[in-house]
Amino acid sequence: MEDRGRVAGETELRKVYPPVVERARLKTQIKLDKHCRNFIARSPFVCLGTSSERGADVTPRGDEPGFVLVLDDTTLAIPDWPGNNRLDSLSNILFNPQVGLLFLIPGVEETLRINGTAEISSAELLERWQRKGKRPRAVLVVTIREAFLHCGKALIRSRLWKDDYKIDRAELPPYGQILKDQIVTSETAEAIEASIQNGYANRLY
Numbered sequence: 106m107e108d109r110g111r112v113a114g115e116t117e118l119r120k121v122y123p124p125v126v127e128r129a130r131l132k133t134q135i136k137l138d139k140h141c142r143n144f145i146a147r148s149p150f151v152c153l154g155t156s157s158e159r160g161a162d163v164t165p166r167g168d169e170p171g172f173v174l175v176l177d178d179t180t181l182a183i184p185d186w187p188g189n190n191r192l193d194s195l196s197n198i199l200f201n202p203q204v205g206l207l208f209l210i211p212g213v214e215e216t217l218r219i220n221g222t223a224e225i226s227s228a229e230l231l232e233r234w235q236r237k238g239k240r241p242r243a244v245l246v247v248t249i250r251e252a253f254l255h256c257g258k259a260l261i262r263s264r265l266w267k268d269d270y271k272i273d274r275a276e277l278p279p280y281g282q283i284l285k286d287q288i289v290t291s292e293t294a295e296a297i298e299a300s301i302q303n304g305y306a307n308r309l310y
């Protein structure tokens, strides 16, 4: 195996980087303060990190700003709207409840990171959400271990909220064509794409 200068331990790692800035070390919250609550209320998008014996996984969750509810100082609820029914995240949570969340707000360079444990609920919490007459099949209830704002350097470098790197969708093949190329199926790329677009139009909720 090629020697890539692998860093093998915490001591060696710390030699590569300068000491952590004091305010970065102290910023971790164990409860949702007014700033965390405000961020969550304005966020339409969160990445959910989970893991199992197969490894780690990250999936997107999105809806109108405020779709993630703050139930109390240490508890969040995230609706599980229709997807592809692979249930990767939900299955992982049943195996290992440890989760990581990354909240984004369009136009804001900072992000909110939350780590904790999750459980799956299908009880009365479902009544808290209704879109187009429908409710989610399940809700993720997250108990917070830590929460903190993350600086905006990554989003500034990537110019995520600018148009500098925005591309025309036509620069990539249609999703249906990509799936046709990646899996063995008798369906045409056009039929797959039509099914996908129908789902986007009629099965968001």
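When we follow the numbering used here, the leftmost residue of the sequence shown carries the number 106, and every step to the right adds one. Virtual Cβ for every residue (Gly too), placed ideally from N, Cα, C.
Put simply, the stretch 247-257 touches the stretch 218-227. At least three CB pairs are less than 8 Å apart.
When only Cα atoms are considered, A129 and E295 end up about 50 Å apart. The Cβ neighbour count for A252, taken over all protein chains shown within 10 Å, is at least 16; the residue is labelled buried. The bridge partners DSSP lists for A161 are S156. Per DSSP, the beta bridge partners of I219 are L206, A252. Annotation for L199: I225 place their beta carbon closer than 8 Å to its own, counting only its chain and skipping 5 residues before and after. The beta carbon of G167 sits closer than 8 Å to the beta carbons of P149, F150, V151 from its chain, once the five residues preceding and following it are set aside; these are given in chain order.
The criterion of a C-beta distance shorter than 7 Å is satisfied by D185 and A243.
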